[in-house]
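Peer 1:
In UniProt numbering, the protein residues as written are 1 to 153.
1. Find out if the Cβ-Cβ distance for the pair residue 105, residue 122 is shorter than 8 Å.
2. Can you tell which of 109, 117 and 131 has its C-alpha closest to the C-alpha of residue 144?
3. With a threshold of 16 other CB atoms inside 10 Å of the CB of residue 119, please say whether the residue is buried or exposed.
4. Under the rule that 16 or more other beta-carbon atoms within 10 Å means buried, what is residue 21, buried or exposed?
5. Would you mind sorting residue 48 into buried or exposed? The rule is 16 or more other CB atoms within 10 Å of its CB.
6. Which residues bound the alpha helix (DSSP H) around residue 36?
7. Going by DSSP in three states, residue 132 sits in which element: helix, strand or coil?
8. How would you call residue 59, buried or exposed, if buried means at least 16 neighbouring beta carbons within 10 angstroms?
9. With three or more C-beta pairs closer than 8 Å as the rule, is the region 11-30 touching the region 51-66?
10. Which one of 64, 93, 141 and 135 has the shortest CA to CA distance from residue 23?
11. Going straight from the alpha carbon of residue 10 to that of residue 101, what length do you get?
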């Protein structure tokens, strides 16, 4: 699938387990396929794909938060989750853990920034003012540095 890389990265930024990741990825791909005929060419295809991916991830995350029921036997340690993750690069896991500590929108902004999207395109995907994106990226980088410094030290 075109743009699979960013879809994978966005889904990973919003999930904590391989099972959730697979569910999110499958749902994103399904929603892109279902709505492909609705693409009106008012933006680039990639922008449209990112927007759908982000919206699906945020919707699933919200549903998951609203439906969470905690049982003692259901608690999973970070070690178990990381062992089941298909991504074995430890430094990448640390980065994704830090990114998951950001707000939902900040996660999207930094993931798109890391994909080298322009401020204008990020703003279009997120639905905000392009002038806001530069300031927001700077604040997110500062926050990530603090989070990572705390994890590494």
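In this text, a Cβ means the ideal position worked out from N, Cα and C, and glycines have one as well.
Only a predicted model underlies this, so the values are computations on that prediction, with no experimental measurement involved.
Peer 2: Taking the definition as stated:
1. no
2. 109
3. buried
4. buried
5. Result: buried.
6. Here residue 36 belongs to no alpha helix (DSSP H), and DSSP marks it neither H nor E.
7. Three-state result, residue 132: helix.
8. exposed
9. yes
10. 64
11. 14 Å
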